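S.K.: Here the sequence shown stands for residues 1 to 382, where the numbers follow UniProt numbering. In this text, a Cβ means the ideal position worked out from N, Cα and C, and glycines have one as well. All values derive from a computational prediction rather than experimental measurement.
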Amino acid sequence: MKQHSTTSINSPNSKIFKKNASLYKMTPLTKNPLTGLLIAVVTTLIFIRTGLVPNYSLGSIIGITIVAWLAAENGGNDVSKGVAPLVASGAAKEWTALIYGAIVTAFGGTLSIYFAIKLLKLFTGGLINSNYEVNTIMALSMAIGATLWVALATRFSLPVSTTHSIVGSVIMVGCVALGVSSVVWSSLVSKVVMPLLLSPLLGLSIAWALTFLIQFIKLPSSAGKGITWVSSGAICFVRAVNDTPKIVAITALVAITSINIKNIDALFPLFLLVTVSMSIGSLVKGVSVTQLLARKVAQLDNQSSVSSVLTTTVLVMASSQLGLPVSTTHVSTTAIIGAGLRKNKNAVNWSVVRDMVLSWIVTLPGAGILGILAYYILTFVK
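Below, the structure written as structure tokens:
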């Protein structure tokens, strides 16, 4: 993956963004993939020590820790999708926005078991045919593939889809370990591929249209900031509702195959573990991608920030209710692009957009390849 420059942007509209270049001096802590692993290890040990998660076998604990790592990396990469408009419009500083996003993420993740059971069922059994058994090594490999990909993306400040990462890792490991026939291709196309293809188009077009309409409304600055705060919180909440079940699903695969947990209600401690890891990851690792989306993708004013957050909120909430794994990454990022494009075509940094789109294209196979490598390594050392 190509790392973005921290001092300049090689594009015709670099002057627009040059004044924000100093904001990209990241500390190693915020971008280091091992930071997410440390968060996961500490969180998992605390949960085991307090009895929230029983002291299972070493293999199961390792698997749960890996998924907690995925949750931490997801938080660091995805919290930006909700809070970036706050930073871009000047309504909040980076760390204020991240604290806000982390708190709302905690609420959304905790309540997600009640709102997003459809997604949990899809990612535990809807992608792999029920006639095939997903063993512990496969589940661990799927988790490792998705985790490493999101961690690498965060390292290079690239907003990628955790959904794409999980799907890519699951189906490619499934194909290698069980055969092509093990994948429920019809479910993959109708419930994953189509929503993920449509969400960028919807985000771009709706945000463009809303920005066009809002310019005719004399919206007071205070009202615009208020709408941005509320909508950003809603995005973080719904994002957590959408993403937590997908991550717990990988944990459940490890748990079901090695601990024999069948009751979804019994997975609540895992929902809580994933939520805590995701929230801490949002706070500790979220600044890098947040600054990219807020400062380098497009220049947003008060009105364009309102249109981008409203677009993302409506689309992601609708997808959550329908049980469709629409990517918050694609919706929110293209909404920012659409809002900036309507404001001024030079307000969009197309070189950064190009790099992001490329990362989206290679996410599914990239995470899948990492998952396959993990599968072969784990099979060899078994």
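With a 10 Å radius around its C-beta and 16 neighbouring C-beta atoms as the bar for buried, classify T139 as buried or exposed.
M.R.: First, the amino acid is wrong: residue 139 is Ala here, not Thr. Of the residues assessed, A139 falls on the buried side of the cut-off, its CB having 16 or more other CB atoms within 10 angstroms.
S.K.: Would you give the residue range spanned by the alpha helix (DSSP H) that L283 belongs to?
M.R.: 268–285
S.K.: If S157 and V289 are in contact, beta carbons under 8 Å, what's the gap, nearest whole angstrom?
M.R.: 6 Å
S.K.: Can T251 and V274 be called in contact, C-beta distance under 8 Å?
M.R.: In this structure, V274 lies closer than 8 Å to T251 by Cβ.
S.K.: When you compare the CB of I46 with every CB in chain C, is at least one pair closer than 8 Å?
M.R.: The chain inventory of the structure shown lacks chain C, comprising one protein chain alone.
S.K.: Would you kindly report the start and end of the unbroken alpha helix (DSSP H) that includes I217?
M.R.: Neither: I217 is in no alpha helix (DSSP H) and is coded neither H nor E.
S.K.: Do the segment 363–379 and the segment 134–154 touch if we need at least three Cβ pairs shorter than 8 Å?
M.R.: Verdict: yes, contact present.
S.K.: Tell me whether S112 is buried or exposed, calling it buried when 16 or more other Cβ atoms sit within 10 Å of its Cβ.
M.R.: buried
S.K.: In chain order, what residues of the same chain have a beta carbon less than 6 Å from the beta carbon of A40, not counting five sequence neighbours either side?
M.R.: T65, A68, W69, A72, S277
S.K.: Grab me the residues of V170's own chain with a C-beta within less than 6 Å of its C-beta, minus the 5 sequence neighbours each way, in chain order.
M.R.: L127, M142
S.K.: Find out if the Cβ-Cβ distance for the pair T228, A91 is shorter than 8 Å.
M.R.: Yes, the Cβ-Cβ distance between T228 and A91 is below 8 Å.
S.K.: In terms of residue numbering, what span does the alpha helix (DSSP H) encompassing R155 cover?
M.R.: 136–155
S.K.: Does the distance from the CB of G63 to the CB of T162 come in under 8 Å?
M.R.: no
S.K.: Rounded to whole angstroms, what's the CA-CA distance from A88 to T50? Just pull it up for me.
M.R.: 40 Å
S.K.: How would you write the range of the alpha helix (DSSP H) that V87 sits in, first residue to last?
M.R.: 80–88
S.K.: Going by DSSP in three states, A177 sits in which element: helix, strand or coil?
M.R.: helix
S.K.: Given a cut-off of 8 Å, decide if G108 and V241 are closer than it, judged by their beta-carbon atoms.
M.R.: yes
S.K.: Run through the DSSP bridge pairs and tell me what I64 is partnered with.
M.R.: DSSP lists no partner for I64.
S.K.: Return the bridge partner residues of I372 from the DSSP annotation.
M.R.: None, per the DSSP bridge assignment.
S.K.: Give the single residue among S222, Y132, R155 whose Cα lies nearest to the Cα of G179.
M.R.: Y132
S.K.: Mind checking whether S305 and H164 have CB atoms under 8 Å apart?
M.R.: no
S.K.: For C236, which residues of its own chain have a beta-carbon under 6 Å away from its beta-carbon, when the five flanking residues on both sides are left out?
M.R.: G82, G101, V104, T105
S.K.: Going by C-alpha to C-alpha distance, which of L29, S231, I46, L34 sits closest to L270?
M.R.: I46
S.K.: Is V207 helix, strand or coil by DSSP?
M.R.: The sequence shown places Ala at residue 207, rather than the Val named in the question. Helix at A207.
S.K.: Do three or more CB pairs link the segment 201–217 to the segment 339–351 at distances below 8 Å?
M.R.: Counting Cβ pairs under 8 Å, three or more are found: they touch.
S.K.: Could you spell out where the alpha helix (DSSP H) holding V41 opens and where it closes?
M.R.: 33–49
S.K.: Identify whether P91 lies in helix, strand or coil by the three-state DSSP scheme.
M.R.: Residue identity differs from the one stated: residue 91 is Ala in this sequence, not Pro. Correct three-state label for A91: coil.
S.K.: Between S279, L148, A298, which lies nearest to K345 when the distance is taken from Cα to Cα?
M.R.: A298
S.K.: Can you tell me which residues form a DSSP beta bridge with V183?
M.R.: I128
S.K.: Candidates N302, P159, Q215: which alpha carbon is nearest L293's?
M.R.: Nearest to L293 by C-alpha distance, out of N302, P159, Q215, is P159.
S.K.: Can you tell me which of T329, V287, A151 puts its alpha carbon nearest to the alpha carbon of L370?
M.R.: A151
S.K.: Comparing C-alpha positions only, which one of T329, I61, K296, E94 sits nearest to V42?
M.R.: Looking at the Cα atoms, I61 is the closest of the given residues.
S.K.: Would you list the one or two residues that DSSP bridges to V348?
M.R.: A298
S.K.: At the level of alpha carbons, what is the spacing between G218 and T147?
M.R.: It is Lys, not Gly, that sits at residue 218 in the sequence shown. Their Cα atoms are separated by approximately 45 Å.
S.K.: Alpha carbon to alpha carbon, how far is A335 from L52?
M.R.: 39 Å
S.K.: Could you check whether L283 and residue 383 sit closer than 8 Å to each other, using their CB atoms as the reference points?
M.R.: Since the first and last residues shown for the chain are 1 and 382, residue 383 lies out of range.
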